[in-house]
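Chains as they are written, first to last, in my numbering: chain A, 416 to 795; chain B, 416 to 795.
Backbone N, C-alpha and C define an ideal beta-carbon position, used for all residues, glycine too.
The structure displayed is predicted, hence computed values, not measured ones.
Everything on this sheet refers to the single structure shown next.
Below, the structure is given as structure tokens:
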């Protein structure tokens, strides 16, 4: 039996955990708390509007692993073995799942932290349709103040997420391994961000190198916290052996995370599948060096390549530039190639679920469904 | 018996822990790793040259608490009680102290992280006589790149420090409380940085408010990780009850941390006690709103106040401005007042050591000595 995933609770629980962490005793006595209150308010604003895909994946992984454990424990008792009472009463199981819900929220709080720092680094003024944190925290165009407060807000949320995991995992299996996996995820994302800044310097004249470097960035910066860590934390919390939890999460999560990011880039240029809430072609407008662009450059004939380099070499891109670039992505076959990559990676991830020995056969179906929600455009 | 504090080992151990955390498998296979290598090199450069006062205080607190524990255990056995073997063999004690050494190193690694982010926020181009991290990481005056890499380096070192504590405290007492105390310290420092940015907006016309706000900033931003957390981590690791460890650390550490910061500001203007390696009057050159300045403004007559406001109101301060300001700090009695504050706080901290019931009488002397090293100019 799987407990239903508490989608609706996530937003309010994320808020409650963040508010609790940012509260200070003797508030009234603290002089000049105005900026701290603005930081608190921005924490709520930055947390809002997420789709909570990572939290949902972590809860699904936990449920699948917990179900597998229960299925193993309820196998017929072999003669001579000792009949054991279930390790969890219903109330204990509910308490554990509440703790896992907090771990899932920690993933979202950490994501908010990473996005706030990302937006500073990328100089992005908008996030989810609203001013990004460093813009919202500016006072009178004081950019240094906005950046400073946003760096600190990011730090506070990263620390909050680790604190929630430290506290919640104490009521779950594999406490120490869980905290280490979470901190290892924070490490991977920061390394991925450094690699991403490196990749910016790869010239468009070397699309092969660009594809290779971009996929490496996706591994560190996206797959880590989008798929691998949510799966590993869920498996660990439910009691999988740490090595098993790690290997299973890596085999399922790495291709899943890559497919997720490639799909995100593809959705950006495909109005038919346009569900992200961002305007079509936003990556092209920003001149982002995506895998899609690199694929198009590799497949283009001389004329097509010349046009793409002209569009991306300009200081800005108009609506008609965007339409032309999308047309070139289509006509070079880059879009079909990306869709092919996504399908292959998604199937690889699905096979890893099917061959994960620690997962009971009944527990696999809900996990397949959770992964399919991460990559709705995969054609498996 | 106290194990000798391993001053010499700290620098190399800090380096080893940081290098280990920043290493990646399959390095050779990672494309465009140039920036990551620069970040690794900068981690070493940013860690170097610290005085390791915080690590030393943490080790002293651990030794004092461990000695107190041994003294209690070796008290004459009361009739009827069970004779116990010591809870630690010598080799186990050495292993625990090695773990505590790593926790002490984590405090220094975290400090480096905080200083890197501070320097971005304060737009400081120098740190310990060398280019600050965001300056050193610039390529061809690309400020955005330098800032981005330095934000990530700060994040990596903050996560590294938490990871080291999570791993090391597993071999010490009070594992979970230790990790929570460490993360709570990271939280306090970030809140302190926000309060510090708030305090910048306090006008010099309100020196009373400035003193009050500055001391509050010192509590959060300095005392937290300079004194309270090192003491608490040492006490927890040696096995004090968590509530006792927290209260003792707070009572000793808060006045000690405040005295430390006030002394740092005083040393800045006093060439006779000039041991910090910074040029005399650096805070004045930067126009920093220190407690010393606020005290001087409160004590000044109209003419003195006019001069101070003129010096600090200017866009820059010359050598003769600095000399004049120091003269005014002296003649208004602000320097004597600061020295008085420092002495009072240091005595308060010393009394807290003497009245900490959990500390054995023999363990107090080395802890007094460790605290005196933090505030060499205190006249107790």
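A direct Cα-Cα distance of roughly 25 angstroms separates residue 704(A) from residue 550(A).
Residue 458(B) and residue 568(B) do touch by the CB rule: their CB atoms are close to 6 angstroms apart, below 8 angstroms.
Considering only beta carbons, the part of the segment 535-546 of chain B lying closer than 9 angstroms to chain A consists of 535, 536, 537 and 538, in chain order. Within chain B, the residues placing a beta-carbon under 7 angstroms from that of residue 612(A) are 450, 560, 563 and 564, ordered along the chain.
Using a Cβ distance threshold of 8 angstroms, residue 591(B) and residue 585(A) count as a contacting pair. About 42 angstroms separates the beta carbons of residue 711(B) and residue 652(B), which is beyond the 8 angstroms limit, so they are not a contact pair. By a beta-carbon distance limit of 8 angstroms, residue 638(B) does not contact residue 650(B). Their separation comes to about 16 angstroms. DSSP places residue 791(A) outside both helix and strand once states are collapsed to three, so it counts as coil. Between the segment 595-613 of chain B and the segment 569-580 of chain A there are three or more inter-stretch CB-CB distances shorter than 8 angstroms, so the stretches are counted as touching. The beta carbons of residue 726(A) and residue 716(A) sit no closer together than 8 angstroms. Closest by C-alpha distance to residue 521(A), out of 634(A), 623(A), 483(A) and 474(A), is 474(A).
The straight-line gap separating the alpha-carbon atoms of residue 510(A) and residue 528(A) is approximately 27 angstroms.
The Cβ atoms of residue 598(B) and residue 578(A) sit closer than 8 angstroms to each other. In the structure shown, residue 586(B) falls within a coil segment according to DSSP collapsed to helix, strand and coil. For residue 706(B) and residue 532(A), the gap between their C-alpha atoms comes out near 32 angstroms. The continuous alpha helix (DSSP H) containing residue 761(B) extends over residues 749-770. Considered as a whole, the segment 695-729 of chain B harbours 697-700, 706-714 and 717-728 as its complete alpha helix (DSSP H) runs of no fewer than 4 residues, in chain order.
Per DSSP, residue 618(B) has no beta bridge partner at all. Among the residues facing chain A, residue 574(B) is included, as its CB has a counterpart in that chain under 8 angstroms away. Residue 627(B) holds the alpha-carbon nearest to the alpha-carbon of residue 610(B) among 621(B), 622(B) and 627(B). Within the DSSP bridge table, the entry for residue 541(B) names 546(B) as partners. Chain-ordered, the chain A residues with CB closer than 8 angstroms to the CB of residue 578(B) read 595, 598, 599 and 602. Annotation: residue 675(B) to residue 759(B) spans about 12 angstroms, alpha carbon to alpha carbon. With a threshold of 8 angstroms between beta carbons, residue 556(A) makes no contact with chain B. When rounded, the separation of the alpha-carbon atoms in residue 702(A) and residue 630(A) is 18 angstroms. Going by DSSP, residue 452(A) is part of the alpha helix (DSSP H) stretching over 449-462. 743(A) is the residue among 699(A), 743(A) and 695(A) whose C-alpha sits nearest the C-alpha of residue 718(A).
Between residue 553(B) and residue 596(B), the C-beta gap is not smaller than 8 angstroms, which leaves the two residues out of contact. Taking every protein chain shown into account, the CB of residue 770(B) has fewer than 16 other CB atoms within 10 angstroms, so this residue is exposed. No Cβ-Cβ contact shorter than 8 angstroms links residue 724(B) with residue 587(B).
At least one CB atom of chain B sits nearer than 8 angstroms to the CB of residue 608(A). Annotation for residue 668(A): the continuous alpha helix (DSSP H) segment containing it runs 657-684.
Within 9 angstroms of the CB of residue 436(B), the CB atoms of chain A belong to 602, in sequence order along the chain. Legend: CB atoms of the segment 512-532 of chain A lying less than 7 angstroms from CB atoms of chain B belong to residues 532.
Excluding the 5 residues flanking it on each side, residue 709(B) has same chain C-beta neighbours closer than 6 angstroms at 622, 625 and 626, in chain order. Contact between residue 558(B) and residue 465(B) does not hold, since the beta-carbon distance rounds to 26 angstroms and is not under 8 angstroms.
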